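S.K.: Would you mind keeping the following structure in view while I ask a few things?
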Amino acid sequence: MEVPSQPRVLINDIQTDVCIVGGGYTGLWTAINLKQQQPDLDVVVIDKGLCGSGASGRNGGCMLTWSTKYLSMKKLYGEEEAVRLVKASEQAIYEIDAFCKEYRIDAQLRLHGTLYTATNYAQRGTMEPILNALDRHEINSWQQWQKKQVRQGAGSELHQEGFYSPAAASVQPAMLVRGLKSVAEKLGVKVYENTPMEDINTDIPITITTPQAEIFAGKVVLALNAWMVEKFPEFKRSVVLVSSDMAITEPIPDKLEPMGLKDGKTVVDSRIFVHYYRTTPDGRLMLGKGGNHFAYANRIGETFDQPSRYQSLLRYSFNRFFPELQDQKFATTWTGASDRSVTGLPFFGSLKHSNNIFYGLGYSGNGVGQTWIGGKILSSLVLAQDNEWSRCGLVSGPKGYFPPEPFRWTGAMMVRNAIRRKEAAEDAGEKPTWFDKQLAKFANAAGKADKA
Ligand SMILES: Cc1cc2nc3c(=O)[nH]c(=O)nc-3n(C[C@H](O)[C@H](O)[C@H](O)COP(=O)(O)OP(=O)(O)OC[C@H]3O[C@@H](n4cnc5c(N)ncnc54)[C@H](O)[C@@H]3O)c2cc1C
Numbered sequence: 028m029e030v031p032s033q034p035r036v037l038i039n040d041i042q043t044d045v046c047i048v049g050g051g052y053t054g055l056w057t058a059i060n061l062k063q064q065q066p067d068l069d070v071v072v073i074d075k076g077l078c079g080s081g082a083s084g085r086n087g088g089c090m091l092t093w094s095t096k097y098l099s100m101k102k103l104y105g106e107e108e109a110v111r112l113v114k115a116s117e118q119a120i121y122e123i124d125a126f127c128k129e130y131r132i133d134a135q136l137r138l139h140g141t142l143y144t145a146t147n148y149a150q151r152g153t154m155e156p157i158l159n160a161l162d163r164h165e166i167n168s169w170q171q172w173q174k175k176q177v178r179q180g181a182g183s184e185l186h187q188e189g190f191y192s193p194a195a196a197s198v199q200p201a202m203l204v205r206g207l208k209s210v211a212e213k214l215g216v217k218v219y220e221n222t223p224m225e226d227i228n229t230d231i232p233i234t235i236t237t238p239q240a241e242i243f244a245g246k247v248v249l250a251l252n253a254w255m256v257e258k259f260p261e262f263k264r265s266v267v268l269v270s271s272d273m274a275i276t277e278p279i280p281d282k283l284e285p286m287g288l289k290d291g292k293t294v295v296d297s298r299i300f301v302h303y304y305r306t307t308p309d310g311r312l313m314l315g316k317g318g319n320h321f322a323y324a325n326r327i328g329e330t331f332d333q334p335s336r337y338q339s340l341l342r343y344s345f346n347r348f349f350p351e352l353q354d355q356k357f358a359t360t361w362t363g364a365s366d367r368s369v370t371g372l373p374f375f376g377s378l379k380h381s382n383n384i385f386y387g388l389g390y391s392g393n394g395v396g397q398t399w400i401g402g403k404i405l406s407s408l409v410l411a412q413d414n415e416w417s418r419c420g421l422v423s424g425p426k427g428y429f430p431p432e433p434f435r436w437t438g439a440m441m442v443r444n445a446i447r448r449k450e451a452a453e454d455a456g457e458k459p460t461w462f463d464k465q466l467a468k469f470a471n472a473a474g475k476a477d478k479a
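Just so we're aligned: 145 in our numbering is position 118 of the sequence shown, and the numbers increase by one with no gaps anywhere.
Written out as structure tokens, the structure reads:
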């Protein structure tokens, strides 16, 4: 990530119409939307570190849609809204691409689609009910590829089945978030970095205390993602903080090209905690896996901000996908926290005791494209607009709660370990135990393709 020599820190008290706390994709898309609609509105963004130092600057850059979650969304929000959200999430991919072109953000965005695959016999056929439903509404962007084509397109013989959708992209995540920051500033948003919100007084004007100064705001947007829980106990049980772990090679284009890995297509398998991988324009190969470390009591400590503790797991997966690269060292590994909600979908709303403080979180490992929708929703709420975004099914607060500690963490470990045993058995062509299959259902309830 490009690091500015002099991040602007807030040192004097200020007044503003809207203060956005958190300078990741959610906060910055919201700021940009607000300014585009009302250029005179005074908008401030603060971040405790640099914009992008959270998930937005360190994710896998797989820009995917909600089409694989259609059935869950239908159950939660009804058919019409689910169809609308699938379409909106596909539109988001093309809109982000157009936005980057219009504002000359070089985020290495490559609109090369995604392959959703099965890597063992048990994973086969899981897309069928979803695709049938998408077909019925004529919103099915997926097409099945022949096994040979899947293996060629995904650069690995491990794949048994695959579906391709062009409505997906890959992106350099930090370059995107820093680009959004620059655009926001050009539109007149004041961005203060290294300026953590230490406290918030919800009386009007809302007062946000930072180490050196106070901000008096008419409205506030909390775009804190995993940090929401530490500041606002009302969200303590609405998300689980879970790691996604990533590894990347040095540039090896001469090795990747003969394997068929030569574009920006993303590849995602059908596990509950999926593997996902892609190449970079300079010919690196990056692989990630969600669902490894679960934070006890949702404490977001250093564990989420260091090289991955799961390097041997990443190595094992990498070697299974790409045995010809087993001697290829990783250039680096890293990790980060995802905010997994009960439904696997984000939720938006206003704080219980303040109609002027809005929030959005719970992307559950699928936020690179979806935060564009988050920005539409939050800006509509701030501007008190009555539109498809403010009335959206996702504006319903948390749709469920996890059990309190210590039950949540203990339960999460039991489910995670059962999933590991079940998937290891399936990889070996064996039958998982009944017990492991039942436990795994707890994680699977939310739908497909969560990277957390
Ligand atoms: C390792 C990893 C891989 C992932 N891979 C993918 C992927 O390939 N595809 C995909 O779609 N999604 C992926 N995700 C999820 C995606 O990155 C997130 O859903 C998305 O970035 C969320 O954006 P956000 O702005 O809501 O949160 P964030 O980017 O986390 O922003 C929150 C911001 O709040 C700031 N903050 C926290 N506390 C305070 C405070 N007290 N005061 C001020 N500021 C504060 C933080 O510094 C941070 O910048 C991944 C996530 C991780 C962690």
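Virtual Cβ for every residue (Gly too), placed ideally from N, Cα, C. Just so we're clear, the structure is a prediction, and the values are computed from it rather than from any experiment.
Quick check on this structure: which residue in N167, T43 and N319 has the alpha carbon closest to the alpha carbon of R447?
M.R.: The candidate whose alpha carbon is nearest that of R447 is N319.
S.K.: Helix, strand or coil: which one does DSSP assign to R435?
M.R.: R435: helix per DSSP, three-state reduction.
S.K.: Can you tell me whether D281 is buried or exposed? The criterion is at least 16 other CB atoms within 10 Å of its CB, across all chains shown.
M.R.: Label assigned to D281: exposed.
S.K.: Thinking C-alpha only, which one of A364, A250 and L103 is nearest V48?
M.R.: Measuring from the Cα of V48, the nearest candidate turns out to be A250.
S.K.: Go ahead and pull the three-state DSSP assignment for Y191.
M.R.: Strand, per DSSP.
S.K.: Taking Cβ to Cβ, would you say P430 is nearer than 8 Å to G438?
M.R.: Going by C-beta atoms, P430 is nearer than 8 Å to G438.
S.K.: Would you give the residue range spanned by the beta strand (DSSP E) that D69 belongs to?
M.R.: Unbroken run through D69: none, as it is neither H nor E.
S.K.: Let's see if you can read the secondary structure: which residues bound the beta strand (DSSP E) around D272?
M.R.: Note, D272: beta strand (DSSP E), V266 to T276.
S.K.: For L405, collect the residues of the same chain with a Cβ closer than 6 Å to its Cβ; drop the 5 residues on either side in sequence, then sort them by chain order.
M.R.: Excluding positions up to five away in sequence, the list reads T57, V248, F385 and G387.
S.K.: Buried or exposed for I38, please, with buried defined as at least 16 other CB atoms from any protein chain shown within 10 angstroms of its CB.
M.R.: By the neighbour-count rule (16 or more Cβ atoms within 10 Å), I38 is not buried but exposed.
S.K.: Below 8 Å, how does it come out for the region 259 to 271 and the region 357 to 368: are there three or more Cβ pairs, yes or no?
M.R.: Touching, yes.
S.K.: Considering only the alpha carbon of each residue, which of G206, A445, F190 and L61 lies closest to I132?
M.R.: Out of G206, A445, F190 and L61, G206 has the C-alpha closest to the C-alpha of I132.
S.K.: Helix, strand or coil: how does DSSP classify C419 here?
M.R.: The answer is coil: DSSP assigns C419 none of H, G, I, E or B.
S.K.: Measuring only the C-alpha atoms, how far is G394 from L314?
M.R.: Roughly 17 Å separates the two Cα atoms.
S.K.: Assign Y104 to buried or exposed, taking buried as 16 or more other Cβ atoms, counted over all protein chains shown, within 10 Å of its Cβ.
M.R.: Buried, because 16 or more other Cβ atoms sit within 10 Å of the Cβ of Y104.
S.K.: So who's on the other strand from H302, going by DSSP bridges?
M.R.: Per DSSP, K316.
S.K.: Thinking C-beta only, is Y323 closer than 8 Å to W254?
M.R.: It is not a contact, given that the beta carbons lie outside the stated cut-off.
S.K.: Look up V48 in the DSSP assignment and say whether it is helix, strand or coil.
M.R.: Three-state DSSP puts V48 in a strand.
S.K.: Take the Cβ of K379 as the centre, count every other Cβ of all protein chains shown within 10 Å, and call the residue buried at 16 or more, exposed below.
M.R.: The residue in question, K379, is exposed, as its Cβ has fewer than 16 Cβ neighbours within 10 Å.
S.K.: Residue range of the alpha helix (DSSP H) that D296 falls in?
M.R.: Premise fails: D296 lies in the beta strand (DSSP E), T293 to D296, not in any alpha helix (DSSP H).
S.K.: Cutting at 6 Å between CB atoms, please list the residues of its own chain near S381, excluding the five before and the five after it.
M.R.: Around S381: T229.
S.K.: Report the three-state DSSP secondary structure of A253 (helix, strand or coil).
M.R.: DSSP places A253 in helix when its eight states are reduced to three.
S.K.: In the structure shown, what three-state DSSP assignment does S99 receive?
M.R.: Helix.
S.K.: Between which two residues does the beta strand (DSSP E) holding S407 run?
M.R.: No beta strand (DSSP E) contains S407, which is instead part of the alpha helix (DSSP H) from Q397 to V409.
S.K.: Quick one: any contact between the region 181 to 194 and the region 341 to 353, if contact means 3 or more CB pairs under 8 Å?
M.R.: With the cut-off at 8 Å, the region 181 to 194 and the region 341 to 353 touch.
S.K.: Between A467 and S99, what straight-line distance do the alpha-carbon atoms span, to the nearest angstrom?
M.R.: Rounded to the nearest angstrom, the two C-alpha atoms are 17 Å apart.
S.K.: Quick one: any contact between the region 63 to 79 and the region 215 to 223, if contact means 3 or more CB pairs under 8 Å?
M.R.: Yes, the region 63 to 79 is in contact with the region 215 to 223.
S.K.: In this structure, what does DSSP give as the bridge partners for G387?
M.R.: Per DSSP, F375.
S.K.: Enumerate in chain order the residues of its own chain whose CB-to-CB distance from P156 is below 8 Å, with the five nearest sequence positions on each side excluded.
M.R.: The residues are L98.
S.K.: Note the first and the last residue of the continuous alpha helix (DSSP H) segment covering Q118.
M.R.: Counting along the chain, the alpha helix (DSSP H) containing Q118 begins and ends at E106 to E129.
S.K.: For the candidate residues E457, P433, M286 and V422, whose alpha-carbon lies nearest to that of E108?
M.R.: E108 has its Cα closest to that of V422, out of E457, P433, M286 and V422.
S.K.: Tell me, to the nearest whole angstrom, how far the beta carbon of S297 is from that of Q150; I am working on the premise that it is less than 8 Å.
M.R.: Confirmed, Cβ separation roughly 4 Å.
S.K.: Could you say which of M154, Y52 and I299 lies nearest to E483 if we only look at CA atoms?
M.R.: Given a span of 28 to 479 for the chain in the structure shown, any question on residue 483 remains unanswerable.
S.K.: Report the three-state DSSP secondary structure of K468 (helix, strand or coil).
M.R.: Reduced to three states, the DSSP call for K468 is helix.
S.K.: Would you report the Cα separation of T293 and I233, rounded to the nearest angstrom?
M.R.: Roughly 43 Å between the two C-alpha positions.
S.K.: With I38 as the anchor, note down where its beta strand (DSSP E) starts and where it stops.
M.R.: Per DSSP, I38 belongs to no beta strand (DSSP E) and is neither H nor E.
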